[in-house]
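Engineer: Here's a structure for you.
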Amino acid sequence: MDLNDAGSPSATEAGVAARAPGPGPQTPATEPMPRADRAGADAGQSAVPAPVASASAAARDPVGSLCALAIAAQRAQRHQLARVLILRAIALDPGRAQPHVVLGLMLHQAGRLADATVSYVRAIELEPTHADALLNVGIALEQQGHLDAAAAALQRTLGLRPDDAEAFYHLAAVHVARGDPARALGAVRRALEINETPATRSLFASLIRNLAGAPLLHELRGFVTRALAEAWGRPRLLAPVATTMIRQDARLAPLIARAVAAWPARLPFDALRAAAGLEAIFADPLLVALLESTHVCDRAIERFLTAVRCALLAAAEDSHASADLAQAGALRFCCALAAQCWINEYVFDVTDDEAARVTALAERVASALRAGEAVAMLPLVVVACYRPLHTVITPEMPGGAWPEPVAGIVRQQVHEPLEERQLAASMPRLTAIDDEVSRRVRAQYEQNPYPRWVRLEQPWQPTTLEQWLRQTLPSAPLAPLSARDGVDVLVAGCGSGQNPITAARTLAGARVLAVDLSLASLAHAKRKTRELAIDTIDYAQADILEIGSIGRQFDVVDTTGVLHHLGDWQAGWRALAAVTRPGGVMRLGLYSERASAGVVAARAFIAARHYDSTPEQIRRCRQDLLAAGDPLLAYVADYPDFFSTSECRDLLFHVQEHRLSLPQIKAFLAAQDLRFLGFAVDAAVMAHYRQRFPDDPAATDLDRWDALEAEYPALFGRMYLFWVQKAGPPATP
Ligand SMILES: C[S@@+](CC[C@H](N)C(=O)[O-])C[C@H]1O[C@@H](n2cnc3c(N)ncnc32)[C@H](O)[C@@H]1O
496 MDLNDAGSPS ATEAGVAARA PGPGPQTPAT EPMPRADRAG ADAGQSAVPA
546 PVASASAAAR DPVGSLCALA IAAQRAQRHQ LARVLILRAI ALDPGRAQPH
596 VVLGLMLHQA GRLADATVSY VRAIELEPTH ADALLNVGIA LEQQGHLDAA
646 AAALQRTLGL RPDDAEAFYH LAAVHVARGD PARALGAVRR ALEINETPAT
696 RSLFASLIRN LAGAPLLHEL RGFVTRALAE AWGRPRLLAP VATTMIRQDA
746 RLAPLIARAV AAWPARLPFD ALRAAAGLEA IFADPLLVAL LESTHVCDRA
796 IERFLTAVRC ALLAAAEDSH ASADLAQAGA LRFCCALAAQ CWINEYVFDV
846 TDDEAARVTA LAERVASALR AGEAVAMLPL VVVACYRPLH TVITPEMPGG
896 AWPEPVAGIV RQQVHEPLEE RQLAASMPRL TAIDDEVSRR VRAQYEQNPY
946 PRWVRLEQPW QPTTLEQWLR QTLPSAPLAP LSARDGVDVL VAGCGSGQNP
996 ITAARTLAGA RVLAVDLSLA SLAHAKRKTR ELAIDTIDYA QADILEIGSI
1046 GRQFDVVDTT GVLHHLGDWQ AGWRALAAVT RPGGVMRLGL YSERASAGVV
1096 AARAFIAARH YDSTPEQIRR CRQDLLAAGD PLLAYVADYP DFFSTSECRD
1146 LLFHVQEHRL SLPQIKAFLA AQDLRFLGFA VDAAVMAHYR QRFPDDPAAT
1196 DLDRWDALEA EYPALFGRMY LFWVQKAGPP ATP
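If you number the sequence shown the way my numbering does, the last residue is 1228 and the count never jumps.
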């Protein structure tokens, strides 16, 4: 879920860069950059000029050759030489635009935006139709926050080059900065249509996730499908818009409505078939992409999928129906449904009748495999929709022979769990776990690592800590950071690895230590880290309460969704502050009491009815909460955590939970000499705060935030997510 979505409940979605990076002054290298190559091309050189211009070219066009040489020198990091060359070119022919554009680029890349703007403007005065100069000045103006002027320059660029993807991309960024995401979406869509880049994909993903109500949403179905399947953004954050599209789909919507109307009875197989629904379901790439990417957080679609699963079970029990369905393309879809059920840890409701029939089917499949007989694929995959395959088959069974996509399900449900068990057994242990609460919390997360995930957003070019903080919290009262090389990061309570992986991919030179109580969580994290070929993260078991004993200090400490699960959250925070270097920063995520009314009511419901935290009881309890007819109880279904077993346990059945208020946090910060840097909140929330409290431009007054939260209890989602900085001068390297 998105921690930054005001108004929607949220727990721990905790990637350091969970939000796609917007274009900012620190332009990632993968983001469209000011045009340098064309400067060389226009100068009569190839787009990538050779370091030495030929004598004949120099004789024909000395200014163009000097431009090309200057660009080559700039690329080789020989900035002084580049500057000398380009100034010579300007001196040779002061009335030619191109050398001014190249000088502008150099200044731009050095971060001297105002000076770069002057050079570009000079070029435009000399040659008003110089499209690169217009584009680059548009980018420079956007980066300086001169949005109207930037938009005008970019529009002029598009007048000259209507298919300039970079101009559309930056225009989209301008619209974002102006608070007009719908127009931004239109511009980024054009950019994608012309030329896809990692930056345009990421910007699209970050925009579309908040625009489920956008007009003509269905036209973006193809892009949203790919955004999910290729993880242009974090799938969990894209899921709501995909869900909206599925619920609005002309073919799927009637089926979903019928499944919901029939609930708790399962819509029968014939009803699905009669509505010609099977093909609509099997052939829907968006539905498949959603099922395979992240858990589906929607009550209606859950009921629909539960009915489809039951229909598939009936078909799998009948060899003719099974063969027919396999022909109709059911296997691919059924594998996606099995992936979904694995991701959500079998949270869908199961009747006693279904459970008995699945047991019989699983036994039939397992005994055929043990006897070395051929096994039909559909029944095997239907079993995988109800229980993990590692409880049915072993890796020694004829694994190599599974055809795709079944092989993918076997890998996910048999081989990966085995690998995780092996990783858990060899996990280093840095501290003892003696605290009684820590032991109970550990036991919970050994059974239910949090959260199970399959895909993260595509990585970006890493940036420095300072750049990243300035981009994330532009108005933060940030004291100087350490100038040492690289950055030591501690992810405390790293769970299943999303936060350390995001930190390692976001912060240049990050050396990450990620610790947790739960070996199962650490093993999941380590397996995913290996899969992504990241080698800058060390994982180890440790209790935060004992972290001081490891004898290390960190520039960044990240602990989201963790401290409120300690017996003494203040002791845990103090222990982490003590291992943070002076001038270092901490990112924290702590539950808000005000935002938790629905959770508190649900926990009381659970206590009164004595549900335990087994998967069966969690399944039962979810249905009972929804059937109780109490809006406060039903509110828990607005939390994405409600839609997976481990996360539902974390949300409603936790063995230890504190919920805090901003005055409590403020008092702690004052006592520990920690400076509040700012909340990571949605732009709309921040805009609202600024409008209400214009005399607090840094948006760091916790009393005012407290007043605003009193008015809007869901202001922060379920968690306060914020950064603080430790007092004291940073150590010099
Ligand atoms: C809700 S999960 C959050 C995981 C991760 N930070 C995230 O946001 O996805 C809480 C994690 O904190 C860990 N944890 C709780 N108490 C801890 C302690 N005293 N020391 C280390 N880890 C702890 C748990 O094992 C669990 O993995």
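By construction, the Cβ of each residue, glycine as well, lies at the ideal position given by its N, Cα and C atoms.
In terms of alpha-carbon separation, which member of Thr846, Ala978 and Thr692 lies closest to Phe663?
Structural biologist: Comparing Cα-Cα distances from Phe663 to each of Thr846, Ala978 and Thr692, the minimum goes to Thr692.
Engineer: Following a CB-centred definition, is Val1010 positioned closer than 7 Å to any heavy atom of ligand 1?
Structural biologist: Yes, Cβ of Val1010 sits closer than 7 Å to a heavy atom of ligand 1.
Engineer: Restricting to runs no shorter than 3 residues, where is the beta strand (DSSP E) found entirely within the segment 559-583?
Structural biologist: DSSP runs (the beta strand (DSSP E)) wholly in the segment 559-583: none.
Engineer: By Cβ distance, which residues of its chain are closer than 7 Å to Pro730, with the 5 residues on each side in sequence left out?
Structural biologist: Leu723, Ser788, Thr789 and Arg950, listed in sequence order.
Engineer: Is it buried or exposed for Pro594, if we count other Cβ within 10 angstroms and need 16 for buried?
Structural biologist: Per the 10 Å Cβ criterion, buried.
Engineer: Out of curiosity, what's the CA-to-CA distance linking Ala635 and Phe1137?
Structural biologist: For Ala635 and Phe1137, the distance between alpha carbons rounds to 45 Å.
Engineer: If contacts are defined as beta-carbon pairs under 8 Å, then Gln485 and Ala974 qualify, I think. What distance do you get, rounded to the angstrom?
Structural biologist: The structure shown does not extend to residue 485, since the chain spans only 496 to 1228, so no value can be given for it.
Engineer: Can you have a look at Thr652 and say buried or exposed, based on whether 16 or more other CB atoms are within 10 angstroms of its CB?
Structural biologist: It counts as buried.
Engineer: Tell me whether Ile1039 counts as near ligand 1, meaning its Cβ is closer than 7 Å to at least one heavy atom of that ligand.
Structural biologist: Yes; taking the cut-off as 7 Å, the Cβ of Ile1039 has a heavy atom of ligand 1 nearer than that.
Engineer: Can you list the alpha helix (DSSP H) stretches of 4 or more residues lying completely in the segment 788-814, in chain order?
Structural biologist: Fully enclosed alpha helix (DSSP H) runs of 4 or longer: 794-811.
Engineer: Based on Cα-Cα distance, which residue from Pro710, Gly708 and Arg704 lies nearest to Val719?
Structural biologist: Minimum Cα distance to Val719 is reached at Arg704.
Engineer: Can you list, in chain order, the residues of its chain with a C-beta nearer than 7 Å to that of Ala531? Leave out the 5 residues immediately preceding and following it.
Structural biologist: For Ala531, the predicted model reports a pLDDT of 42, less than 50, meaning its position is unreliable and no value from the coordinates is stated.
Engineer: By the three-class DSSP mapping on this structure, what secondary structure does Phe1171 have?
Structural biologist: Looking at Phe1171 - three-state DSSP - the assignment turns out to be strand.
Engineer: Nearer than 7 Å: is that true of the beta carbon of Asp1145 relative to any heavy atom of ligand 1?
Structural biologist: Because some heavy atom of ligand 1 lies under 7 Å away, the Cβ of Asp1145 counts as near it: yes.
Engineer: Can you pull the DSSP bridge partners for Val1051?
Structural biologist: Beta-bridge pairing links Val1051 to Val984 and Val1080.
Engineer: Pop quiz: Asn994 and Val986 are said to be a contact at Cβ under 8 Å. What is the actual Cβ separation, rounded to whole angstroms?
Structural biologist: Asn994 to Val986, Cβ: 5 Å. Contact.
Engineer: Compare the beta carbon distance of Gln1036 and Val1074 with 8 Å and say whether it is the shorter of the two.
Structural biologist: It is not a contact, given that the beta carbons lie outside the stated cut-off.
Engineer: Can you give me the Cβ contacts of Gln953 inside the same chain, cut-off strictly under 8 Å, excluding the 5 residues immediately before and after it?
Structural biologist: Pro693, Arg696, Ser697, Glu725, Ala726 and Trp727.
Engineer: Terminal residues of the continuous beta strand (DSSP E) containing Ala1005?
Structural biologist: First-last of the beta strand (DSSP E) with Ala1005: Ala1005 to Asp1011.
Engineer: Does the distance from the CB of Leu608 to the CB of Gln569 come in under 8 Å?
Structural biologist: No, they are not a contact pair.
Engineer: By Cβ distance, which residues of its chain are closer than 7 Å to Pro529, with the 5 residues on each side in sequence left out?
Structural biologist: Residue confidence for Pro529 is low, a pLDDT of 48 falling below 50, so the modelled location carries little weight; the figure read from the coordinates is stated next. Counting only Cβ-Cβ distances below 7 Å, and skipping sequence neighbours, we find Leu600, His603, Asn631 and Ile634.
Engineer: For a quick check, are the C-beta atoms of Val878 and Leu856 less than 8 Å apart?
Structural biologist: Their beta carbons are under 8 Å apart, which means Val878 touches Leu856 by this criterion.
Engineer: Pull up the distance between the alpha-carbon of Ala831 and that of Ala677, whole angstroms please.
Structural biologist: Answer to the nearest angstrom: the Cα atoms are 32 Å apart.
Engineer: What span of residues does the beta strand (DSSP E) with Leu629 cover, start to end?
Structural biologist: It is not in any beta strand (DSSP E) - Leu629 instead sits in the alpha helix (DSSP H) that spans Ala626 to Gln638.
Engineer: Figure out for me which residue from Pro874, Glu797 and Leu564 has the closest Cα to the Cα of Val845.
Structural biologist: Nearest C-alpha to Val845: Glu797.
Engineer: Which first and last residues belong to the alpha helix (DSSP H) in which Ala1103 is found?
Structural biologist: Note, Ala1103: alpha helix (DSSP H), Ala1092 to Arg1104.
Engineer: In the DSSP assignment, find the beta strand (DSSP E) that holds Trp1218 and state where it starts and stops.
Structural biologist: Trp1218 -> beta strand (DSSP E) spans Met1214 to Lys1221.
Engineer: With 16 other CB atoms within 10 Å as the buried threshold, where does Thr1109 fall?
Structural biologist: Looking at its Cβ environment, which holds fewer than 16 other Cβ atoms inside 10 Å, Thr1109 is exposed.
Engineer: Which residues does DSSP pair with Arg1089 in a beta bridge?
Structural biologist: DSSP, once it has assigned bridges, lists no residue as partnering Arg1089.
Engineer: Taking 8 Å as the CB-CB cut-off, is Val596 touching chain B?
Structural biologist: Going by chain labels, chain B is absent from the structure shown, which holds only one protein chain.
Engineer: With a threshold of 6 Å on Cβ separation, who are the neighbours of Gly539 within its own chain once the five nearest residues in sequence on each side are excluded?
Structural biologist: For Gly539, the predicted structure reports a pLDDT of 31, less than 50, and the residue's modelled location is therefore unreliable. The matter cannot be settled from this model.
Engineer: How should Val1095 be labelled, buried or exposed, when 16 other C-beta atoms within 10 angstroms of its C-beta is the threshold for buried?
Structural biologist: With fewer than 16 other Cβ atoms within 10 Å, it is exposed.
Engineer: Would you mind stating whether Arg1170 and Ser1087 have Cβ atoms separated by less than 8 Å?
Structural biologist: Contact: no.
Engineer: Please report how far the alpha carbon of Ala709 lies from the alpha carbon of Asp1133, in whole angstroms.
Structural biologist: When rounded, the distance between both Cα atoms is 21 Å.
Engineer: Out of curiosity, what's the CA-to-CA distance linking Ala1209 and Arg1104?
Structural biologist: Each residue's Cα considered, the two are about 27 Å apart.
Engineer: To which residues of the same chain is Asp537 closer than 7 Å at the C-beta, ignoring the five residues directly before and after it?
Structural biologist: Residue confidence is low: Asp537 scores 36 on pLDDT, short of 50, so the model does not pin down where it sits. No coordinate-derived value is stated.
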